[in-house]
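K.L.:
Okay, handing you the structure first.
There are 6 protein chains.
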Amino acid sequence: MSQRSFGRDARTARPLDFQCDFTQNADGSVLVSTGNTKVICTAFLEDKVPGFLKNQGVGWVTAEYGMLPGATHQRTLREAAKGKQQGRTVEIQRLIGRSLRACVNCQDLGERTIVIDCDVIQADGGTRTAAITGGCVALYLCLWKHRKKFFSPPLAGRVAAVSLGILDGQVLVDLDYEEDSTVDVDMNLVKTESGRFIEIQGTAENRPFSQEQMMQVLEQGGAALDTVFEKQKQALLNYGVEPAWLTR
Amino acid sequence: MSQRSFGRDARTARPLDFQCDFTQNADGSVLVSTGNTKVICTAFLEDKVPGFLKNQGVGWVTAEYGMLPGATHQRTLREAAKGKQQGRTVEIQRLIGRSLRACVNCQDLGERTIVIDCDVIQADGGTRTAAITGGCVALYLCLWKHRKKFFSPPLAGRVAAVSLGILDGQVLVDLDYEEDSTVDVDMNLVKTESGRFIEIQGTAENRPFSQEQMMQVLEQGGAALDTVFEKQKQALLNYGVEPAWLTR
Amino acid sequence: MSQRSFGRDARTARPLDFQCDFTQNADGSVLVSTGNTKVICTAFLEDKVPGFLKNQGVGWVTAEYGMLPGATHQRTLREAAKGKQQGRTVEIQRLIGRSLRACVNCQDLGERTIVIDCDVIQADGGTRTAAITGGCVALYLCLWKHRKKFFSPPLAGRVAAVSLGILDGQVLVDLDYEEDSTVDVDMNLVKTESGRFIEIQGTAENRPFSQEQMMQVLEQGGAALDTVFEKQKQALLNYGVEPAWLTR
Amino acid sequence: MSQRSFGRDARTARPLDFQCDFTQNADGSVLVSTGNTKVICTAFLEDKVPGFLKNQGVGWVTAEYGMLPGATHQRTLREAAKGKQQGRTVEIQRLIGRSLRACVNCQDLGERTIVIDCDVIQADGGTRTAAITGGCVALYLCLWKHRKKFFSPPLAGRVAAVSLGILDGQVLVDLDYEEDSTVDVDMNLVKTESGRFIEIQGTAENRPFSQEQMMQVLEQGGAALDTVFEKQKQALLNYGVEPAWLTR
Amino acid sequence: MSQRSFGRDARTARPLDFQCDFTQNADGSVLVSTGNTKVICTAFLEDKVPGFLKNQGVGWVTAEYGMLPGATHQRTLREAAKGKQQGRTVEIQRLIGRSLRACVNCQDLGERTIVIDCDVIQADGGTRTAAITGGCVALYLCLWKHRKKFFSPPLAGRVAAVSLGILDGQVLVDLDYEEDSTVDVDMNLVKTESGRFIEIQGTAENRPFSQEQMMQVLEQGGAALDTVFEKQKQALLNYGVEPAWLTR
Amino acid sequence: MSQRSFGRDARTARPLDFQCDFTQNADGSVLVSTGNTKVICTAFLEDKVPGFLKNQGVGWVTAEYGMLPGATHQRTLREAAKGKQQGRTVEIQRLIGRSLRACVNCQDLGERTIVIDCDVIQADGGTRTAAITGGCVALYLCLWKHRKKFFSPPLAGRVAAVSLGILDGQVLVDLDYEEDSTVDVDMNLVKTESGRFIEIQGTAENRPFSQEQMMQVLEQGGAALDTVFEKQKQALLNYGVEPAWLTR
C-alpha cells in the first residue's frame with residue numbers, strides 16, 4: 001500500500017468535521033468535510049407530502065444530490081444546463097434518501113416532508129457517504145429548530161455512512177479520489193448508531209471478492225462508523241441539541 | 001410465514017427457466033422466467049466503443065432495462081412517452097451493466113461493445129436479478145454466435161443474481177412481488193460461478209438488520225445461486241455451447 | 001417477382017397466429033404473430049378519462065406502440081433512454097389508436113379508458129398492421145374480462161389491418177421487411193369486419209401509382225382481410241368469448 | 001348540406017391564392033391562402049445532407065410544420081415553449097416531407113438538402129394540404145433561384161394536395177374548420193400533376209365508409225386537384241419560371 | 001459612417017408600419033414592419049391567471065417570442081423541433097413581457113391574462129423592439145374588442161421601444177441587421193408615451209462606452225420614440241379605437 | 001426609508017468580502033460575500049473553443065449560474081431535477097458571460113475557453129451582481145495560475161457590478177432581498193475599472209422612472225463601484241497577483 005492521505009493507516013478514516021449553520025436560510029444547514037471532500041447539506045421541513053402519501057397521516061423524507069461544476073479537477077458539466085441528471089446522480093440521491101428516511105419516525109412526523117439537499121462543493125472521493133453523514137446532521141438541526149411542532153421528536157436514531165475498498169486484497173477505510181479510482185472493490189456501509197445495517201452496497205469493479213474479504217469489510221466499516229457517530233454527536237451537542245435526542 | 005408461492009420453503013427459489021433463441025433477430029436472445037417473472041434478454045455485438053474508450057484496444061459491456069406497460073397489474077406509464085427513464089430504471093440498468101461487465105474480459109473483446117437489453121414482459125418481483133441471470137445467458141449466446149471473431153473467448157466467467165428478504169427476522173430467498181412489498185429488508189446478491197461476490201445491495205426498508213441476519217443472507221443466497229448456476233449451465237449446454245466455455 | 005417468404009403468392013398473407021393470455025397481469029393480453037413479426041398486445045380498462053372528456057359520460061380508447069431494442073437485426077435505440085419517441089413511433093401509435101377507437105361504442109363504455117399497448121418483440125415488416133389486428137383481440141379480451149360491468153357490451157365491431165405494396169407494377173399482400181424496403185408503394189388498410197373502411201394510408205416512396213393500381217390494392221386488401229377476420233374470430237371463440245360478441 | 005363557405009357547392013374548393021416572395025430572406029417564399037387558411041412556405045437549399053446519405057451523391061428534401069399560437073380562435077400553446085412537438089405536428093410534417101420529396105429528382109440534386117418550412121399564420125381547416133400545395137411552389141422558387149447550380153433541373157414534377165370529407169354520405173371537397181370538425185370521414189389526397197397518387201390518407205372519425213364512397217372521393221379529389229395544378233402553374237409562370245420547368 | 005439603409009441619417013429610424021387585423025382569429029392582431037423587419041403580433045384575452053395570482057383579483061400580461069425558420073438569410077433551427085427555446089429567445093420574451101405589463105392596469109383587468117405572441121416572419125435587426133412596439137398595438141386591439149367587459153379600460157398607457165448603437169463613437173438609431181453586427185454597443189430603450197423609462201438595456205459587445213455616450217443615446221432614443229408613438233397612435237385611431245384610450 | 005441592513009444609508013453598499021481559494025480543485029476559486037449574499041465563483045481554463053470559433057485563433061469566455069436549493073428561505077426547486085433551467089437563470093448567466101467577456105482580450109487568450117461558474121449558496125438579493133464581481137476575481141486567479149502559458153496576460157481590465165433601486169423616488173444602492181421585492185425600479189450596472197459602461201439593465205417593475213432618476217442612478221452606481229474595484233484589487237494583491245495585472 002502506498003502512503004495514504006493524511007498519513008493514516010488502512011483502517012483509519014480521514015479527518016471529519018461539521019460546520020453547523022454554514023448557511024442561514026435553510027431550516028438546517030451544515031458543511032461536512034471528510035478530508036478534502038466538502039458537502040453543503042441543508043434541510044427544510046415542508047407542510048406537505050407527495051401524492052402517494054396524501055391523507056394517510058404520515059410524513060416523508062427525501063433527498064437530492066448535486067455536484068458544483070467547479071468541485072472537481074476537470075470541470076463537471078452542469079446537469080441543469082444539460083437538462084438531465086446523470087444516472088450516477090440519480091443512484092446516489094436515491095441512496096441518500098433511503099438512508100435518511102431511516103432516521104425519522106414518519107408517524108410522528110405527521111403529514112410533513114423533510115427535504116435534504118446535499119451539494120458537493122469540493123470532491124475528493126466519498127461524496128455520497130459524506131452526504132449521508134452530514135445529511136443526518138442537517139436533518140437533526142432542522143427538526144431541532146421546529147421541535148415545538150412535535151409532541152415527541154419524530155426520530156428513529158442517527159445514521160452515518162463510510163466507504164471502503166479492497167486493493168490487492170487489503171481492506172482500506174474511507175477512500176479518497178485517487179484510491180477510489182484504483183481499488184478492485186468499492187463498498188458503502190450505512191448503519192444506525194446502534195450498529196444495525198441500513199444499506200450495504202458493494203461492487204467489484206475489477207476483481208470479485210471473497211466471503212472472507214466481505215467479513216473484513218463489515219468489521220472495519222463498523223469500527224470506523226463508531227468514530228463517525230461520536231463526532232456527529234459532539235457536533236449536535238455543541239450546537240445545543242438536547243442530549244436526549246441523540247440517544248434513541 | 002404464510003404459504004409461499006410454488007409451495008416452497010424459505011430457502012427455496014422459484015422455478016427457473018431459460019428459453020434460448022426466444023426471438024431471432026438479436027445476436028443472442030433468451031426468455032428467462034423466474035416463477036411468474038418473465039424477462040426478454042437480448043444481446044448484440046457492435047464494432048464500436050463509447051468515446052471514453054476509443055483507441056485503447058479494449059471493449060465494453062453495457063445494459064439497458066425496461067418494463068412493458070402491460071407487465072404489471074396496474075399499467076405502468078411508458079417511459080418513452082414520458083420522455084424520461086425513472087430513477088428506479090436508471091439504478092437497475094446500472095446494476096445490470098456492472099454485473100455483466102464482470103462476465104467479460106474486455107481486453108480479449110477488442111474494440112467492441114456488447115449491449116444487453118432486458119425487457120420485462122411480466123413482473124412478479126425479482127426482475128433485476130432475473131435480468132442479470134438471463135442477461136448472462138444472452139451475452140454467452142451472442143459471443144458463441146460470433147466465436148470465430150475471437151482468438152480466445154473473451155470470457156471471465158458466468159454471473160447470476162438472486163434476491164433475498166428478511167421478514168419478521170426470517171430470511172426468505174427469491175421474493176415474489178407480494179413478499180417484496182412486505183419484507184423489512186431487501187437484498188440482491190450477484191456472484192460469480194466460482195462463489196465470489198460481484199455486487200451486494202441490501203436495503204432496510206423498514207427495520208435495520210443485524211450482523212447475524214447479514215450472515216444468514218450471505219449463506220442462503222450463496223446456496224440458492226449454486227442451483228441457478230447449474231440451470232444456466234444446462235441451458236447453455238443444451239443450446240450447444242462448448243463445455244469449455246462454461247468452466248472458466 | 002422473386003420467391004416470397006413462406007412460399008406464398010402475391011395475393012397471400014403470411015401465417016397469422018394469436019396466443020391469448022400471453023402474459024397474465026394485463027386485463028387482456030395476446031401475442032400476435034404475422035410470419036416472423038411478433039407483437040405483444042395488452043389492454044387495460046381504467047376508471048378515468050382524459051381531461052377533455054371529463055363529465056361527459058363517454059369513454060375513450062388510446063394506444064401506445066413500442067419496439068424492443070432487440071427486435072431488429074441492428075439494435076434499435078431505446079426511446080426511453082433517448083428521452084423521446086421518434087416521429088415514426090408517434091405516427092404509428094396515433095394510427096393504432098384511431099383504428100381501435102372504431103371497435104368501441106364510447107357511449108356504452110361510460111367514463112372509462114381502454115389503453116392498448118403494442119410492443120414489438122420481433123420485427124419483420126407489418127408491425128403496425130399486426131398491432132391493430134392483435135390490439136383488437138386484446139381489447140376484446142379486456143372487455144370480456146370486465147363484461148359484468150356493462151349493461152350491453154360497448155362494442156362497435158372488430159377491426160383488422162393489412163399492409164400492401166406495389167413492386168414493379170404488381171400488388172403484393174402483407175409485406176415482410178425485405179419487401180417493405182423495396183416496394184414503390186406502401187399501403188395500409190384498416191377495415192371493419194363488415195367490409196367498411198376505417199383507415200387507408202398509401203405512400204408512393206419511389207414511384208407514384210395509378211388509379212388502376214389503387215383499385216387492385218383495394219380489392220386484394222379486402223380479400224386478405226376476410227381471412228384475417230376469420231382467424232381473429234376463431235381465436236376469440238376458442239378463448240371462450242360469446243359468439244354474440246363477434247357478430248356486431 | 002348547410003351553406004358552405006364562399007358560397008360553393010360540395011365539389012368546389014375554396015379560393016386559392018399564391019403570394020410569391022412573401023418574405024425576402026429565404027431562397028423561396030410564398031404565402032398560400034386556401035380560403036381563410038394562410039400558410040407561409042419557405043425553402044432553403046443547403047450544401048449538406050443528413051448523415052445516412054453522406055457520400056452517396058444524392059440529395060434530400062425535408063419539411064417542418066408549425067402553427068403560430070395566434071393562428072387559431074383559441075390560442076394554441078407554443079410548441080417551443082412546451083419543449084416538444086405534438087404528435088399531430090410530427091405526423092403532418094412527415095406527410096409534407098414525403099409528398100415534397102416526390103417533386104425532386106434526388107440524383108440530379110446532388111449532395112444538397114432542400115428544407116421547406118410551412119408555418120400556419122391563420123388556420124381554418126386544410127392546413128396540411130395547403131402546406132403541400134404551397135410548399136411545392138416554394139421548392140420550385142428555391143430551385144429556380146439556384147438554377148445555375150444544376151446541369152438539368154432536379155425536378156420530378158409538381159405535387160399538390162386537397163382534403164375531402166364525407167358528411168351524411170355526401171362527399172365534400174376542401175373542408176373548412178367547421179366542416180372538418182363534423183365530417184364522418186376525413187381524407188387527404190396528394191397527387192402529381194400527371195394524375196398519379198403520391199399519398200392517400202383517409203380516416204373514419206365517426207362512421208366507416210364504403211367502397212362506393214371511396215370511389216367518389218377519388219373522383220372528386222382528382223377533379224379538384226386539376227384546378228389546383230392550374231393555379232400553381234400560373235403563379236410560377238407569372239413569377240417568371242420557365243414554362244419547360246412546369247411540364248415534366 | 002457608411003450609407004444607412006433607407007437613405008437615412010444617424011438619428012433617423014426606419015419606416016414604421018402597422019397592418020392591423022393582419023390575421024383574423026386572434027383577439028388582436030397586427031403586422032408591424034420596421035424597415036425589412038416584420039413581426040406578427042397577436043393578443044388573446046383569457047379568463048384565467050397563473051397559479052401565483054389565483055384569487056387575488058388582479059390580472060397578468062405575458063408574452064412569447066419566436067422566429068420562423070425562414071425569417072433569416074441562413075435558415076434558423078426550429079426551436080420546437082430542438083425541444084428547447086434558446087437563451088436568446090427566453091431573454092427576449094421576458095423583456096417583451098415586462099415591457100407590455102407596463103401598458104396595463106392589472107387591477108382593472110381583473111382575473112384575466114393577456115397573452116401576446118410576437119413571431120418574426122422576416123428579420124433584419126430590431127426584432128425585439130418591433131415586437132414591443134407592435135405588441136402594444138395588438139394588446140390595445142385585444143382590449144378594444146373586449147371593451148364591454150371592463151368598467152374602465154384597464155390601461156396604464158402605451159409603450160414603445162427602439163434600438164440604438166454606438167459605432168466608432170457615433171450614436172445610430174434603429175439598427176438594421178448589418179449595423180447590429182458591427183456596432184460596439186447595443187442598446188434598447190423602452191419608454192412610455194409620457195417619456196418615462198420602462199426598460200433600458202445596453203451592452204458593450206466590443207468597447208465599453210462613456211457617460212457622455214450614454215447621454216447621447218438617451219437623448220436620441222427619446223426623440224426617435226416620439227415619432228414611434230405618433231405612428232402607433234395614428235394606427236389605432238384609424239382602426240377606430242376611441243381617442244380617449246390613447247391619451248392616458 | 002426604513003432602516004437599511006447593516007445600518008447603512010441609501011448610498012452605501014453592503015460589506016463586501018472575497019475569500020480566495022475557497023475550494024481547491026478549480027483553476028480559480030473565490031467565495032464572494034455581499035452582506036448575506038454568498039456566491040462560489042470558480043474558473044477553469046480549457047484548451048478548446050466553441051464550434052463557431054474553431055480555427056480562428058481567438059478564445060472565449062462563458063459563464064453559468066446556479067442557485068443551491070437551500071440558498072433561499074423557501075427551498076428552490078433544483079433545476080437539474082426539473083430538467084430545465086428557468087428563464088431567470090438563463091437571463092442571468094448570459095449577463096454574467098457578456099460582462100466577464102469584457103475582462104479578457106480574446107486574441108491574446110488564443111484558442112482557449114475560460115468557463116466561470118457562479119453558484120449561489122446563500123441568497124439575499126444582488127446575486128447576479130455579486131457573481132459578476134466575484135467571477136472577475138475567479139477569472140483573474142485562473143489566468144494568474146496559468147500565466148506561464150501567455151506571452152502577455154490576456155486581460156482587458158477588471159469589471160464589477162452593483163444593483164440599484166428606486167423606492168418612492170429615492171435611489172438605493174445595493175439592494176438586499178427585502179428591498180429588491182419592494183422597489184419600483186431595479187437596475188444593474190456593470191462597469192470597467194476605468195469607469196466605462198459594460199452593461200446597464202434597468203426595469204421599472206411598478207412605476208416608470210424619469211430621466212432625472214436615471215441620472216442619479218448612474219452617479220450613485222458609479223460611486224459605489226469605485227469602492228468595489230478597490231476591494232477587488234486588494235483581494236487580488238493579497239493573493240499575490242502582480243500589481244501590473246491590476247492596472248490595465
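Residue numbers (full-length UniProt numbering), protein chains in the order written: chain U, 1 to 248; chain Y, 1 to 248; chain L, 1 to 248; chain X, 1 to 248; chain A, 1 to 248; chain V, 1 to 248. Built from N, CA and C at the ideal position, the CB exists for glycine as well.
For the pair the segment 209-217 of chain Y and the segment 168-185 of chain Y, tell me if three or more CB-CB distances fall below 8 angstroms.
P.N.:
yes
K.L.:
Give, in chain order, every unbroken run of the beta strand (DSSP E) that is at least 3 residues long and sits entirely within the segment 144-177 of chain A.
P.N.:
159-167, 170-173
K.L.:
Could you check whether the Cβ of residue 37/Y sits closer than 8 angstroms to any Cβ belonging to chain L?
P.N.:
When Cβ-Cβ separations below 8 angstroms define contact, residue 37/Y makes no contact with chain L.
K.L.:
Excluding the five sequence neighbours on either side, which residues of its own chain have a C-beta within less than 6 angstroms of the C-beta of residue 76/A, listed in chain order?
P.N.:
Within its own chain, the residues whose Cβ lies closer than 6 angstroms to the Cβ of residue 76/A, once the five positions on either side in sequence are excluded, are 67, 69, listed in chain order.
K.L.:
If I measure Cβ to Cβ from residue 46/A and keep anything under 6 angstroms in the same chain, skipping five residues before and after, which residues do I get?
P.N.:
113
K.L.:
At which residues does the beta strand (DSSP E) containing residue 28/A begin and terminate?
P.N.:
Segment 28-34, the beta strand (DSSP E) holding residue 28/A.
K.L.:
Would you kindly report the start and end of the unbroken alpha helix (DSSP H) that includes residue 44/A?
P.N.:
Run containing residue 44/A: none in the alpha helix (DSSP H); it sits in the beta strand (DSSP E), 37-46.
K.L.:
Relative to the C-alpha of residue 131/V, which residue among 153/V, 104/V, 100/V, 145/V is closest?
P.N.:
Ranking 153/V, 104/V, 100/V, 145/V by Cα distance to residue 131/V puts 100/V first.
K.L.:
Could you name the residues of chain L that residue 158/X contacts, counting a contact when the two beta carbons are closer than 9 angstroms?
P.N.:
Simply none; closest approach about 12 angstroms.
K.L.:
Would you mind reading off the limits of the alpha helix (DSSP H) that contains residue 203/V?
P.N.:
Note, residue 203/V: premise wrong, no alpha helix (DSSP H); beta strand (DSSP E) at 197-204.
K.L.:
What does the Cβ neighbour count give for residue 311/Y, buried or exposed, with the cut at 16 atoms within 10 Å?
P.N.:
With chain Y covering only 1 through 248, there is no way to say anything about residue 311/Y.
K.L.:
When Cβ atoms are compared, which residues of the UniProt domain "Exoribonuclease phosphorolytic" (13-141) of chain L fall closer than 7 angstroms to chain X?
P.N.:
Result list: 87, 90, 91, 94, 98, 102.
K.L.:
Does any C-beta atom of chain Y lie closer than 8 angstroms to the C-beta of residue 166/U?
P.N.:
With 8 angstroms as the cut-off, residue 166/U does not count as an interface residue toward chain Y.
K.L.:
Check each candidate in 204/X, 141/X, 123/X and name the one with the smallest Cα separation from residue 103/X.
P.N.:
141/X
K.L.:
Indicate whether residue 13/U and residue 174/U have their beta-carbon atoms separated by less than 8 angstroms.
P.N.:
Contact flag set, yes.
K.L.:
To the nearest angstrom, how far is the alpha carbon of residue 223/A from that of residue 5/A?
P.N.:
19 angstroms
K.L.:
Considering only their Cβ atoms, is the gap separating residue 79/X from residue 80/A smaller than 8 angstroms?
P.N.:
yes
K.L.:
If you measure beta-carbon to beta-carbon, which residues of the segment 189-206 of chain U are closer than 7 angstroms to chain Y?
P.N.:
Taking 7 angstroms as the Cβ-Cβ cut-off against chain Y, the residues of the segment 189-206 of chain U that qualify are 192, 196, 197, 198, 199, 200, 201, 202, 203, 204.
K.L.:
Starting from residue 188/V and walking both ways along the beta strand (DSSP E), at which residues does that stretch end?
P.N.:
185-192
K.L.:
So, with DSSP's three-state summary, where would you put residue 6/A?
P.N.:
helix
K.L.:
Give me the chain Y residues within the contact set of residue 209/U, using Cβ-Cβ distance strictly less than 7 angstroms, ordered along the chain.
P.N.:
Correct list: 196, 197.
K.L.:
Between the Cα of residue 135/Y and the Cα atoms of 42/Y, 225/Y, 10/Y, 162/Y, which residue gives the shortest distance?
P.N.:
42/Y
K.L.:
Note down the Cα distance separating residue 238/X from residue 84/V, rounded to an integer number of angstroms.
P.N.:
49 angstroms
K.L.:
For residue 123/X and residue 65/X, which I take to be in contact (beta-carbon distance under 8 angstroms), what is that distance rounded to the nearest angstrom?
P.N.:
The Cβ separation is near 12 angstroms, so there is no contact.
K.L.:
How many angstroms separate the CA atom of residue 169/V from the CA atom of residue 213/V?
P.N.:
8 angstroms
K.L.:
Since I believe residue 162/U is in contact with residue 129/U (beta carbons under 8 angstroms), could you give me their beta-carbon distance rounded to a whole number of angstroms?
P.N.:
Indeed, because the Cβ distance is near 6 angstroms, the residues count as touching under 8 angstroms.
K.L.:
Give the C-beta separation of residue 196/V and residue 210/A to the nearest angstrom, bearing in mind that I take them to be a contact with Cβ-Cβ under 8 angstroms.
P.N.:
6 angstroms
K.L.:
Taking the beta carbon of residue 15/L as the centre, do at least 16 other beta carbons fall within 10 Å, making it buried, or is it exposed?
P.N.:
Residue 15/L comes out exposed.
K.L.:
What residue range does the alpha helix (DSSP H) around residue 108/X cover?
P.N.:
In this chain, the alpha helix (DSSP H) harbouring residue 108/X covers 106-109.
K.L.:
So if DSSP puts residue 67/Y in a beta bridge, which residue, or which two residues, is it bridged to?
P.N.:
Looking at the DSSP assignment, residue 67/Y forms a beta bridge with 120/Y.
K.L.:
From residue 56/Y to residue 243/Y, what does the alpha carbon distance come to, in whole angstroms?
P.N.:
31 angstroms
K.L.:
If we count the other Cβ atoms within 10 Å of its Cβ and call it buried at 16 or more, is residue 158/Y buried or exposed?
P.N.:
Residue 158/Y is buried by the Cβ-count criterion.
K.L.:
Kindly indicate the opening and closing residues of the beta strand (DSSP E) around residue 16/L.
P.N.:
16-20
K.L.:
List, in chain order, every chain U residue whose beta-carbon is nearer than 8 angstroms to that of residue 218/Y.
P.N.:
Using a Cβ-Cβ cut-off of 8 angstroms, residue 218/Y is close to 211, 214 of chain U, given in chain order.
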